[in-house]
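A.B. asks: For the record, the sequence lines run as chains A and B.
Counting along the first sequence from 1, when you hit position 92 you're at 92 in UniProt numbering, and nothing is skipped either side.
Counting along the second sequence from 1, when you hit position 35 you're at 35 in UniProt numbering, and nothing is skipped either side.
The beta-carbon is built from N, C-alpha and C at its ideal position, and this holds for glycine as well.
Structure below; questions to follow.
There are 2 protein chains.
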Amino acid sequence: MAPLVRIQNFVVSTDGYGSGEGQSLEHPFGHADPETLMSWAGATAHWPNRTDPGGTYGLDDYITRDYANNVGAEIMGRNKFGPERGPWENYDWQGWWGEEPPFHTPVFVLTHHPRPSFSKGETTFHFLDASPKDALTQAFDAAGGKDVRIGGGVATVREFLDADLVDTMHIAVAPVEIGRGEKFWTGPNEYVERFHHEQIPSPSGVVHNFFWRR
Amino acid sequence: MAPLVRIQNFVVSTDGYGSGEGQSLEHPFGHADPETLMSWAGATAHWPNRTDPGGTYGLDDYITRDYANNVGAEIMGRNKFGPERGPWENYDWQGWWGEEPPFHTPVFVLTHHPRPSFSKGETTFHFLDASPKDALTQAFDAAGGKDVRIGGGVATVREFLDADLVDTMHIAVAPVEIGRGEKFWTGPNEYVERFHHEQIPSPSGVVHNFFWRR
Chain A
1 MAPLVRIQNF
11 VVSTDGYGSG
21 EGQSLEHPFG
31 HADPETLMSW
41 AGATAHWPNR
51 TDPGGTYGLD
61 DYITRDYANN
71 VGAEIMGRNK
81 FGPERGPWEN
91 YDWQGWWGEE
101 PPFHTPVFVL
111 THHPRPSFSK
121 GETTFHFLDA
131 SPKDALTQAF
141 DAAGGKDVRI
151 GGGVATVREF
161 LDADLVDTMH
171 IAVAPVEIGR
181 GEKFWTGPNE
191 YVERFHHEQI
201 PSPSGVVHNF
211 FWRR
Chain B
1 MAPLVRIQNF
11 VVSTDGYGSG
21 EGQSLEHPFG
31 HADPETLMSW
41 AGATAHWPNR
51 TDPGGTYGLD
61 DYITRDYANN
71 VGAEIMGRNK
81 FGPERGPWEN
91 YDWQGWWGEE
101 PPFHTPVFVL
111 THHPRPSFSK
121 GETTFHFLDA
131 SPKDALTQAF
141 DAAGGKDVRI
151 GGGVATVREF
161 LDADLVDTMH
171 IAVAPVEIGR
181 GEKFWTGPNE
191 YVERFHHEQI
201 PSPSGVVHNF
211 FWRR
């Protein structure tokens, strides 16, 4: 099976926002509350940040445990990596994820201000000023024959979709309104001409949207 | 996370049968047609027997691609391994699965007539005359810290459930009636006292039932 470009476990509100307004160090999702966006995932047994042995093993857990399945690299936008804009004042900031980031693969951060690569736990962060297509070439070189995940945020995901570089996409619609911020879509109909589409409601209240290239 | 005992991708008819009547070399599911039971899985991109590059990437594909995810060994009943009953006439029979069985792990076949282990592709078959509990001890020893899947058929799956040895269970109800044969259940209500239960209909017509221990 040829390796894929996957958007996966990307969460938006019922009104189509992937993030709120005003990202900052304290508020990575701006005015939106990441806990309400992610509570469906946080309840599952395979949620990467889980510290106790409980959690559910239903539909939502299939989704969270597939997160790393056959993924060899991730590409993310700079705003997913951190709140700073423009040239780096220094290289102290190493991401939101502490000593063991949940990626466990090479991660390519798209930025107009590259900085040296560094490793944190099992994850190595690289910084690229590159087009989506060129970034994919580098990510696949690093992915060892596995898939490449496009990790977010909204602008990065849309850039890869606009360039028609995405093979499969999972968008989870969480039962919350954000009202303003980073808009991902008006609804799944934006993509049904280019992709097959399945919509699967979960008992948790989230609605999973699966897309794959026609 | 402690390794689990998982029943997974076990398919039954709407009237609760896992297999028809009269298993034989030509008819591993007896009078029931395995293609109608398995068509939901066969349509997916990750179906192990797929030979062309197509296939779906929706809900059913999450299920098929999770088949091998963190599984380190399988336990199966003798009737899943082959149609012969009683003492082995010889050891020519090596399973239904050709040169590359889809397990890729140690497989423990429960039988009152043990025979020598053998390997086929990446799968090694062992033969045990053991209780479910003792078989699990050996399977976990071989699983390298990963989970153990209880692979079927009906009698074997029920034996592990009756002994309360199962942690998670996925039963796919296919939209077909079989009428007679190996009955698995009258319905999911048989297990809701011991397990949490989610029922998720798929666009393919199959209904996925997920259970995890209370």
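Taking 8 Å as the cut-off, decide whether the C-beta atoms of A/E100 and A/G121 are in contact.
C.D. replies: Start at 1 with the first residue of the first sequence, and residue 100 of chain A comes out as number 100. Start at 1 with the first residue of the first sequence, and residue 121 of chain A comes out as number 121. Yes; because the gap between Cβ atoms is below 8 Å, this pair is in contact.
A.B. asks: Along the segment 103-137 of chain A, where does the CB come closer than 7 Å to a CB of chain B? Name the residues.
C.D. replies: Within the segment 103-137 of chain A, no residue has a Cβ that lies closer than 7 Å to any Cβ of chain B.
A.B. asks: Can you pull the chain A neighbours of B/V69, defined as C-beta to C-beta under 7 Å?
C.D. replies: Sequence index remark: in the second sequence, residue 69 of chain B carries index 69 (1-based). Correcting the residue identity first, residue 69 of chain B is Asn in this sequence and not Val. Simply R65 and N69.
A.B. asks: Less than 8 Å separating the beta-carbons of B/G153 and B/N49?
C.D. replies: To locate residue 153 of chain B, count along the second sequence from 1; it is residue 153. To locate residue 49 of chain B, count along the second sequence from 1; it is residue 49. Contact: no.
A.B. asks: Three-state secondary structure (DSSP) at B/I178?
C.D. replies: Working through the second sequence from its first residue, we reach residue 178 of chain B at position 178. Of the three classes helix, strand and coil, the one that applies to B/I178 here is coil, per DSSP.
A.B. asks: Per DSSP, what kind of secondary structure is A/D92 in: helix, strand or coil?
C.D. replies: Here residue 92 of chain A is taken as the residue at index 92 of the first sequence, counted from 1. Coil, per DSSP.
A.B. asks: Using only the alpha-carbon positions, how far apart do B/V206 and B/Y17 sit?
C.D. replies: The residue labelled residue 206 of chain B in the question sits at position 206 within the second sequence. The residue labelled residue 17 of chain B in the question sits at position 17 within the second sequence. Looking at the two C-alpha atoms, the distance is approximately 14 Å.
A.B. asks: So B/R65 packs on A/N69, CB below 8 Å; how close in whole Å?
C.D. replies: Start at 1 with the first residue of the second sequence, and residue 65 of chain B comes out as number 65. Start at 1 with the first residue of the first sequence, and residue 69 of chain A comes out as number 69. Going by Cβ atoms, the distance from B/R65 to A/N69 rounds to 7 Å, so yes, they are a contact pair.
A.B. asks: To be precise: take each residue of the segment 1-29 of chain A, compare its Cβ to all Cβ atoms of chain B, and keep it if any distance is under 8 Å. Which residues remain?
C.D. replies: Residues passing the 8 Å Cβ filter: M1 and A2.
A.B. asks: If you draw a straight line from the alpha carbon of B/E26 to that of B/P83, how long is it in whole angstroms?
C.D. replies: What you label residue 26 of chain B is simply residue 26 of the second sequence in a count that begins at 1. What you label residue 83 of chain B is simply residue 83 of the second sequence in a count that begins at 1. If you take the alpha carbons of B/E26 and B/P83, they lie about 9 Å apart.
A.B. asks: Along the chain, where does the alpha helix (DSSP H) containing residue 215 of chain A start, and where does it finish?
C.D. replies: Since the first residue of chain A shown is 1 and the last is 214, residue 215 of chain A is not available in this structure.
A.B. asks: Looking only at its chain, what residues have a beta carbon closer than 6 Å to the beta carbon of A/A143, apart from the 5 residues adjacent to it on each side?
C.D. replies: Indexing the first sequence from 1 puts residue 143 of chain A at position 143. The residues are G72 and A73.
A.B. asks: Kindly list the residues whose CB is nearer than 7 Å to the CB of B/H196, restricted to its own chain and excluding five residues on each side of it in sequence; keep chain order.
C.D. replies: Here residue 196 of chain B refers to the residue found at position 196 when the second sequence is read from its first residue. Within the same chain, B/H196 has close Cβ partners F211, W212 and R214.
A.B. asks: With distance defined between alpha-carbon atoms, name the residue in B/R115, B/T137 and B/P34 nearest to B/L4.
C.D. replies: Translated into the one-based positions of the second sequence, residue 4 of chain B becomes position 4. Closest by alpha carbon: B/T137.
A.B. asks: Residues in the same chain with beta-carbon distance under 6 Å from B/P102, minus the five sequence neighbours each way, listed in chain order, please.
C.D. replies: Taking the second sequence and counting its residues from 1, one reaches residue 102 of chain B at position 102. So the qualifying residues of the chain are P48.
A.B. asks: Look up A/G77 in the DSSP assignment and give the residues it is bridged to.
C.D. replies: For the purposes of this step, residue 77 of chain A is taken as the residue at position 77 of the first sequence. DSSP, once it has assigned bridges, lists A/L110 as partnering A/G77.
A.B. asks: Report yes or no: is there a C-beta of chain A within less than 8 Å of the C-beta of B/P53?
C.D. replies: In the second sequence, the residue the question calls residue 53 of chain B occupies position 53. Yes - at least one Cβ of chain A is within 8 Å of the one on B/P53.
A.B. asks: Count the other CB atoms within 10 Å of the CB of B/A174; is the residue buried (16 or more) or exposed (fewer)?
C.D. replies: The sequence position of residue 174 of chain B within the second sequence is 174, counting from 1. Classification of B/A174: buried, given that the 10 Å Cβ count is 16 or more.
A.B. asks: Can A/V176 and A/L37 be called in contact, C-beta distance under 8 Å?
C.D. replies: If you number the first sequence from 1, residue 176 of chain A lands on position 176. If you number the first sequence from 1, residue 37 of chain A lands on position 37. Yes, the pair counts as a contact, with Cβ atoms nearer than the cut-off.
A.B. asks: Given a cut-off of 8 Å, decide if A/S19 and A/E182 are closer than it, judged by their beta-carbon atoms.
C.D. replies: Looking up residue 182 of chain A in the first sequence gives position 182. Looking up residue 19 of chain A in the first sequence gives position 19. Against a cut-off of 8 Å, the Cβ pair of A/S19 and A/E182 comes out as a contact.
A.B. asks: I'd like to check one pair, A/Q94 with A/F118: are the Cβ atoms closer than 8 Å?
C.D. replies: Locating residue 118 of chain A in the first sequence gives position 118, where the first residue counts as 1. Locating residue 94 of chain A in the first sequence gives position 94, where the first residue counts as 1. Result yes, Cβ atoms of A/F118 and A/Q94 sit closer than 8 Å.
A.B. asks: Applying the 10 Å Cβ sphere with the 16-neighbour rule, what's the burial state of A/D147?
C.D. replies: Taking the first residue of the first sequence as position 1, residue 147 of chain A is located at position 147. Buried is the call here.
A.B. asks: For chain A, check one thing: does any of its Cβ atoms lie closer than 8 Å to the Cβ of B/L59?
C.D. replies: Against the second sequence, residue 59 of chain B aligns to sequence position 59. At least one chain A Cβ lies under 8 Å of B/L59.
A.B. asks: Is it true that the CB of B/F184 sits closer than 8 Å to the CB of B/V166?
C.D. replies: Position 166 of the second sequence, counted from the first residue, corresponds to residue 166 of chain B. Position 184 of the second sequence, counted from the first residue, corresponds to residue 184 of chain B. Cβ distance not < 8 Å, so B/V166 and B/F184 don't count as in contact.
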